[in-house]
Each structure stands twice: as C-alpha cells, then as structure tokens.
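Before any comments, here is the structure.
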Amino acid sequence: MKPTTAQQINTLLYYLQTKQTPPFEILFWENLQKIDFDYSANSLQQLSRFFAAMAKRHIQLPQLLANQSGQALVVALAAYIADYLAKTTGQPIAWYDYDRMSAQLARQNKYPTQSQLPADFYASLTARIGHKVYCQPLKLLPDLLQGKDVLPQFIAQMTQTLYQQSQVNLLQSPEAVCQGYLAKVKTGKLQDAAIAFSTYLAAVNFDNSRDSLVQIDEALSAIQQAFGFTQADYLDFLQDASRQAFCYLLGFYIGVTSSRLVNAPVRWVSFAQMYDSLGEEFTECLEHSFVLLFEDCYRTPMLVVTNRLFGLASNFPTTAAEFADILQRQNAGHLAVYPYQDAVSATADLPAHWTSAMQVAGALVASVLSRLSQGQPILPSVYQAHSSDNKADELTAFNPSNIKLLSPSDTDLATVTATDTDTVIDSLYQTLHQNPQLAPIIVGCFDSYTNLPMGRTEGIVIEIWVYENPRLQLQLVLPYQSANDWHSLKIYPLVSHQNGAQTALTSEQITALTTHFYQALLSAPSQNTAVKTLWQDAYVNQLDSWVLPPKDQRIQQQNAQLVTHFDFALLPILDNQPNVNMAAFDYSSIDWRGFDLAKHILQASHHEQGYLQVYVSDNLIKDELYRQVEATEDLYRYGKVVWGVVIKSDAELTKPMSEKERDKPFTNHRVSCADILFDPSGQARVEDLQAKASQLMDAIGTVNQPSNATPDVAFYQLHCQDDTSRAFNLAYPASIAATNYRITTSWIWRRHLPNGMLSNSVVPIIIHTHAYQNKAEQGEIMVLPSQLWDKAYYHYWLSLAYEQFGQDYDLLPYIHWQQKYAQDSTDAATQKRLWPKFKPNRANNRAPSREQSSAIGLMSDKLENPMSATAKQQATIQQAAIQQTTGQKLADVQLTLQPSIESTPQAAQTSQTSLTSKAMPPSSLSNELTQQLMNDKLRLQTQLSTKDTAKDKKLLVIAVGGVLVLIIMVILVKLMR
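The letter at position 797 of the sequence shown is residue 860 when you use my numbering, and the numbering goes up by one with no holes.
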C-alpha cells in the first residue's frame, strides 16, 4: 500500500529532528545533521545560512529535483518551514498532495472544473495550518536558493495571519466563544502569543486540575507584582484587545475547570441574555460579557481575573482556587455518568419488564443513530411494547417497523420543521402520561441540548416508562457533539440528571439497566453494521470536549507511522505559471428569500445596533446619496435582501482601508460609492447578473461617443463619465437585454464590508420591498452589514483579500473593540451623525412572557420563605424537567438568579433546567406567542426612530398658522372696542 502524504512528510520531519540516518537517501544529509531542527528561532537562522550556502554554489531547483535524494531534501525543508509555523502558533496541521488538495477544493466549492489547482511544482505540497490557512511552502524555495533572506518576513507574516485567523468571534454563541478560547490550551499549554501575558502563563499546565488553578493564581500574582496594577489602571487595561482576550481565556478556563471538579452541569450565557432576564440591575462590563449558569444561580469567573489584578470587589474571590472551593460547597452536582463497558454483563437482579424496557430503548436509539450516521435529522420517536398473545407476562419481539416517528405528516418527513417539534414532543409526553393503548412499556426519544460539567452540548433524550408493578420512570441522555473544526462526530456515555430520590433506584440498578441498554444498542439486527461502525468511530468514554474520537485517533496513529522509502510525487516546474486562483463560490447555496431582516434588526443588542448605524459625514450631506441615509430606517424595517453585482466602483473601495479610516471611522472621509446591478424580485442567478454587468460594460467600451450608442446605453455611458452622477432604480438597458434588472448608485459604508473593501463584485444588498415598481424614490439600496452575512461567504470574502494582499484585513476585531468601549462615538456631536436612531432597548419595557412571569412570582416566594420555596421545587423537580423538555432548544435564559457568589446553597432553584429541548414552546403558549409577536412588531416599528422631515414641516405650518389666527383675533378685538 502506498504511504500517505502525511506519513511521508512526518517521516522526513522525524529524521530531521532526531538526526538519525534515514533508510533512504537525502541529499546533503551530513550538512543537515549540523542544523538543530528544534523549532527555535535559531533553527530558522541556520536554515537560512544553509540556503545561502547553496545559492553561492549556484544550486537551483532543477538540479535538486533531478534525482530522488534531492527531491527528499526539497520536500523535507519546505515541510519543516510549514511545520514550524504550526508548532510555534499551537495550530494543527494537515498535509495535502496535489490530488487531495484539488479534491478538497472541489468539495468545498462545488465547482470541480473551476477549482483545479495549476498542475505545477509549487502545488505539489499544501499544508493546512489551523482550520482556515493554507500554505504552499515550496513557493519559498526559488527566492531562498537565490540568496534572498525572505524566510523571517514570511514567518512573521504567516504568524500574524494565523493569530488573526485564530481570533475568537465574540458575536458567536457563548458556548462557541468558550470553545474557541479553550481550544488555545487544549494541548495543555498556551502557545498563542497574541494573548497578553502569554509568557507568564507558559508555566501553567492547563489540564483541568485544581493544581492548574493554583498555577493560574501564581501567574496572576506575578503579573500584579510586575506591573503594580491598581483600580485606577482598570479602564486603561481593558483598552487592549489582547488583554481582553487574556481575561476571557482565563475566565472560561476557570469556569469550566471548576464545574468539572464539582461535577456540576453548566452552560454559558451572554450579557444580552442575562440583561433580558435581570434588566438594568445587571450592568454591562467585561466580567458580565459571558456568565456561567448553574441550576440555581450564576457565576462570573472573569471577575476572578480582574479582581486578582485590580481588587475590584472585596466580597468576591481573588483566586481561582477559592472560586472552585466555593463552587464545591454551594454547587456540587449530582450528574451520574454510565460509561459503556465491553463484555460486561448486568449483575443486579432486575424485574423482567425493566430489562425488556431497556432492550427496547437500546433498539430504538440504534435506529436514531442509524439516521445520524446517514446525515439524516433526528426526529422524535416512540415505541410501545405490547404483551404476547400466547403469554400475557411476555412481550412481543421488538419490531423496527412499529417505531413511530412523531411528525405532523408521518408520510412526508421532509416537511417537518423546527417549529413543529414542540407539538410532537408535547404529544410524546401526553402519550407517556396517558398511555391510551395501555401498553406495559413505552419508550420515547428526541433530540435536545443538555448541560454537562464541560458545558452545553447536544444529546438524545431517552424516556423509559414501565406501567406494570414495579413501575419505572427513567430519563437518560446520550450526549454527542457534531463534527466541527476540531474533531469528528463524538458520542459520550449515558448521563442522568435525576437523583436517587427522583428515580427511587440505586446506582447499581441504573448501572445494570444501562448495561442492558448498551447491549441492545449494539446488537440491533436491522442497523447492526452501521451503528457498530458509528460507535467504533465516535464513542468516547469520558465527558471531555477535547478528547479525540477513535476515528481521529486512528488517523493520527496512521500518520505517525514511519515509511522506509520516499516516493512523493512532485509536479514539474512550469515557467510563467499564473498564481493560484480561488475557486468560485456557490452562490446558490444561500437563499436570501428566507432571510428575515426585520427579525435580525429587532433582536439586535445594543452593540449590534451601533454596528448597524452609519456615520453621516459633511461630504455625504452635500451628496445626492444622502437620500440613501434617509432611507436607511425604511430599508432596515421593510427591506429585503438580494444579491447584487458591482458594475463599477470608486478605486479606493478596491484597496485596504487606511489605518486612520479603520481606527477613526467617524470622521469626514471621502464618500465612496458603487453602481450595483440587482434583480428586485431576488430570483436572478448571480451568474446571470454577472453576465449582464459584463455585457453592459462591454457595450459602453465599444462606443467612443454616446451619440454612437443606443439612447439607454448612451445615458449610462454619460453617467459613468461623471463622477458626481448618481443613478437610482435605473432600468437595465433594454437594447442589451430585456430584463427587469435595476441599477442604483449606492454609498458604501466601509465598516459594513468584512474587511472594508470590495474583495468581490458580488455583494448582498438591502432593497425596498417594492423596488420593482420602478419608482426613483424607492431606488435606494445599501449593503447588508457583513455581520449578518452567511458565515461561509464572509470567510470566502476574506480569503479573496488574503489571496490578493497576503492579509484578509478582517475588521471584526477592530469593530468589536470599538463597540465594546464606545470608541469615537461617545461624544454628542458624533452621536448626532449616526443613523438611524435606535431607541434604547430596555428589558423592563417589555411585557414578561409566561415563563418570566412565573420566575418573577417564584422569586417573590423565595424572598418571603426561601426554605419553603426550595422544598416545593424539590418535590416537583421531575415534573418540571418533563415540562421543560418541550421548551425551545435555543431558548433565552428565563431564570431567577442569585447574583452573589457567597449566597447560601439554599437559594431556590430556577425555571432553567439542565435539559432543554430543541423544540419551540408548546402549543399551549400559542396565545401568548401571538401576543408576543404583536408586541415585537410594535417594538420594531418604534425601535428605529429617525427625524420625519415631512411631518416636521407640517407641524411648523400648523404652528405658524395658529399664531397668525391668534394675532388676527387680537386685532379684531381691539378694533371692536
């Protein structure tokens, strides 16, 4: 079997590092043994001198590639350069030969013919460093062999790019932000130099132990002593984005490690979610950006870091170890984990019906996992076991065809949507409670989220009910993590959030029951092969976000195997080879017709509202494009999103923003605009828009004078010749093609582009809903703010910039920093220039939902008699858990919170449970939801507020008229006297 690319590369790197003689020949091996390939800066200097020595001897690539040993040398040195970048930045690395890289591009972009790499030498080896950066180190060799000292600059630029790409997007979900930061220490060491004070954290072993928390405390003490921080330094400290990242990283790590040590299920929530529940009493600050939510309280681990450095709160822990100790006293959890054990039989004596019920549950979940392995959605399912006709005390054999997939249409599962899930889950629990067919056993399952000590993850909820004595009501969860950038699909052991008082079962009995479950799961005949394969590839025996599933472990072990010969295929060197072009993007994968713009505007947080605004400069006020600013409110409120294609634009828009414009956006910069072609109906294919834009520019370029062109083309040609000319809702020239397309000149607020420039001609825009009526007053358009773009297209846009400039110039880190501390927009004069005007979004202005009302009422009970409220909740916790499972999977935080970390453990529990269903609220809330939608609509109409010029004029006329009438009446009264 031919060795893989990774095996050959890793073999070369192994012999470079160990200096052992390889079983195959490498050119200049004796010279290479004098270089310390230890991933230090000195190793690069030695490598540069080695290339300089070859340059003096006029050794060029063709000579090196003439024999196998020279090819091994070239590949080994190029691979070391790429591996150096991965090792020093703490990023994973994957190797691709030409064929694999071409296939990778084809899979990603769905355009095999357009995504092919040029078949030349430099594309022979590609390294993917991290999850987004691709590097072709062979391209460095010609310059190095000419004696050019380009290696330090290349390493510096690539290192900066890798750090930028590894920056965590704080606008993601709180759990995703947590995962992004913890990924930086998943190897046990922090290697991201972009994190402030990284040298102080170098000695910390991030292994989720209590000792690691003590080491963090020692590092924080060393930082405090070295810099002498006081409370007066706090605000200046937070002005640095790298120091913010330092606080986030340690806060997330302290929170997750502490919850793991006390076995407490937790989830992370954002400031906006907490604010919606607590209102203005929950102030906005870095420490409240991400909050750790327990079953009955919340914690702010970021405050441990800043409190240690600045002494902000005397009643709050100043060490991570103390924080963990408080959690041990107040929040110790009772989460039970039941791992799978191969070749282990149940030892406890169980009732026959209980054993049968677990076997049914295993077979039912096997069918669910079979769908998961095929990439199909997990639908709520139920199975009712009945007694045998021959023997009343025996059950009929499990029949997969009797599994009922709960959906509004049992014959058309493809039509099931997320909004239907609440109904079917509610139906499942009604069946469990009512048992209309008097079945002795009912087992149901559905997809959900579950809270674990490592945070929130997906899970399959399993309900096992036995109705004959002895009765059984058992709820288990099979957690899993979908495949992501860091690992393949992972399946975790069964967990139970119920305590012994709720189930009336001993730990030994539940262990025996889960043993029967696992045996049935892996022996179900209909899905046996698929489920066994999935289990062997995905099952991990511990609750750990960073443990690799068996499939990934096998790949790592395979790649680490050394080979005995080198036969890596290198393509020939081609002269005048053009640069590698990015593959075309599949625009059809994004359908803006389903994009609810008004909903995104309505749900925007305070920071997001600031990002949605545009700054009106003096230059713009004098420009006809000012009407676009006036239309911004209506576009946000009533507009729709369609694809647009830039026909022509100002030259400045195709270049990176200056540092002044990037860092000081609210100043009088030049007005940059572009002519954009779009289909008002939103149905046109992007490829057709591009073709029509190209045809129009070709038509303009083929005539020297407007008089020689058709009138509609001549009109647009004159427009193009005048830099001050503006077009609004201009019909596409009918002499070129009969279409309903429109052309509008749009002012581009550069902060609304991912990197502040037009990296691509295709851009999503907001247009008036009735733009197709061809009215000039409805011709204003604007670019859709890029933070609302599809994630895949956002990154594609940045990758185009990186291909052209070597950097992607992503504005998100700068925008987030400016939003966080309201840089350049705090003064009144600047605020007057921001458009549109958003009214403050206050939580206490909204009518509380049903869940919020109940939480508020519960808090009143707690304040009056905390012990009584606690007892009531403990008596009904199982019923609450059942009802909560019909809630929304991404529901807002609805809870009663204990803000002080030193509060007593008797604080009453909240309506937030460890398990929340993927479903929407149950059908019983339909009236409340209808009212809430009406309230939301009213909020949307009042949230955006701009000055109504027409209305002001009418009021002025009325006022003037009233004054005149009054004067006339006074004169008449005097004359009559």
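Glycine included, each C-beta is placed from N, C-alpha and C at the ideal position.
To which residues does DSSP link residue i through a beta bridge?
i: Lys-703; result: Ile-830
i: Arg-191; result: Ala-157 and Tyr-197
i: Arg-362; result: Leu-355
i: Asn-514; result: Arg-519
i: Phe-741; result: Gly-707 and Arg-805
i: Met-760; result: According to DSSP, Met-760 bridges with nothing at all.
i: Cys-508; result: Ser-444 and Ile-525
i: Trp-810; result: Cys-736
i: Trp-898; result: Val-677
i: Tyr-602; result: Ile-554
i: Gln-536; result: Trp-528
i: Gln-544; result: Lys-553
i: Leu-793; result: Ile-806
i: Ser-450; result: Leu-458
i: Leu-468; result: Ser-444
State the Cα-Cα distance for the pair residue i and residue j, rounded to the nearest angstrom.
i: Asn-639; j: Phe-184; result: Legend: pLDDT at Asn-639 = 44, less than 50; position of this residue unreliable, no value from coordinates given.
i: Leu-634; j: Pro-205; result: 15 Å
i: Ile-192; j: Lys-249; result: 16 Å
i: Gly-819; j: Glu-715; result: 10 Å
i: Gly-342; j: Pro-237; result: 19 Å
i: Phe-373; j: Val-231; result: 25 Å
i: Ile-664; j: Gly-1025; result: 40 Å
i: Thr-627; j: Gln-71; result: 9 Å
i: Arg-617; j: Ser-608; result: 18 Å
i: Pro-984; j: Val-487; result: Low local confidence applies: a pLDDT of 36 at Pro-984 is under 50, so the model's placement there is unreliable, with the coordinate-based value given in what follows. Approximately 11 Å between the Cα atoms of the pair.
i: Val-138; j: Phe-778; result: 58 Å
i: Gln-493; j: Gln-544; result: 29 Å
i: Glu-965; j: Glu-350; result: Residue placement at Glu-965 cannot be trusted, given a pLDDT of 38 that sits under 50; what the coordinates show is reported in the next sentence. Cα to Cα, the separation comes out at about 17 Å.
i: Gln-1042; j: Trp-528; result: Given a span of 64 to 1040 for the chain in the structure shown, any question on residue 1042 remains unanswerable.
i: Glu-51; j: Pro-899; result: Residue 51 cannot be examined here, being either before or after the span of the chain that is shown, 64 to 1040.
i: Ile-389; j: Val-325; result: 10 Å
i: Gln-126; j: Ser-849; result: 49 Å
i: Leu-207; j: Ile-636; result: 16 Å
i: Val-368; j: Cys-310; result: 6 Å
i: Leu-897; j: Glu-347; result: 22 Å
i: Gln-961; j: Pro-364; result: Here Gln-961 scores only 35 on pLDDT, less than 50, and its place in the model is too uncertain to base an answer on.
Just confirm the distance between the C-beta atoms of residue i and residue j, as a whole number of angstroms; I'd bet it's less than 8 Å.
i: Thr-382; j: Asp-489; result: 47 Å between Cβ atoms; not a contact.
i: Ala-395; j: Ala-327; result: 7 Å
i: Ile-505; j: Gln-447; result: 5 Å
i: Asp-726; j: Asn-803; result: So it is not a contact: roughly 42 Å between Cβ atoms.
i: Pro-817; j: Leu-874; result: 7 Å
i: Val-776; j: Ala-754; result: No, Val-776 and Ala-754 are not in contact; Cβ-Cβ is about 16 Å, not under 8 Å.
i: Leu-110; j: Leu-140; result: 7 Å
Along the chain, where does the beta strand (DSSP E) that runs through residue i open and close?
i: Glu-526; result: 518 to 529
i: Pro-125; result: Not the beta strand (DSSP E): Pro-125 falls in the alpha helix (DSSP H), residues 124 to 127.
i: Trp-331; result: 330 to 333
Considering only residues of the same chain and omitting the five flanking positions on each side of residue i, which have a CB-CB separation below 8 Å?
i: Asn-712; result: Here residue 712 is Ser; the residue named in the question, Asn, does not match the sequence. Counting only Cβ-Cβ distances below 8 Å, and skipping sequence neighbours, we find Ser-735, Cys-736, Ala-737, Asp-738, Ile-811 and Leu-821.
i: Thr-832; result: Tyr-701, Gly-702 and Lys-703
i: Ile-829; result: Leu-660, Leu-698, Tyr-699, Gly-702, Lys-703, Val-704, Ile-844, Met-845, Val-846 and Leu-847
i: Pro-876; result: Gln-227, Gln-230 and Ala-304
Can you give me the Cβ contacts of residue i inside the same chain, cut-off strictly under 7 Å, excluding the 5 residues immediately before and after it?
i: Gly-153; result: Lys-247, Thr-250, Gln-254 and Asp-255
i: Ser-788; result: His-782
i: Tyr-78; result: Pro-85
i: His-815; result: Val-846, Pro-848 and Ser-849
Where does the unbroken alpha helix (DSSP H) through residue i begin, and where does it stop?
i: Ala-777; result: 774 to 784
i: Gly-243; result: 237 to 245
i: Phe-184; result: Counting along the chain, Phe-184 falls outside any alpha helix (DSSP H), and DSSP gives it neither H nor E.
i: Ser-1048; result: Given that the chain is displayed from residue 64 to residue 1040, the structure contains no residue 1048 and the question cannot be resolved.
i: Met-421; result: 415 to 436
i: Ile-317; result: 304 to 324
i: Ile-1057; result: What is shown of the chain runs 64 to 1040, which leaves residue 1057 out entirely.
Using C-beta distances below 6 Å, list every residue in its chain close to residue i, excluding the 5 sequence neighbours before and after it, in chain order.
i: Gln-199; result: Tyr-185 and Thr-189
i: Gln-624; result: Gln-70
i: Ile-144; result: Pro-200
i: Phe-509; result: Pro-443, Ile-488 and Val-524
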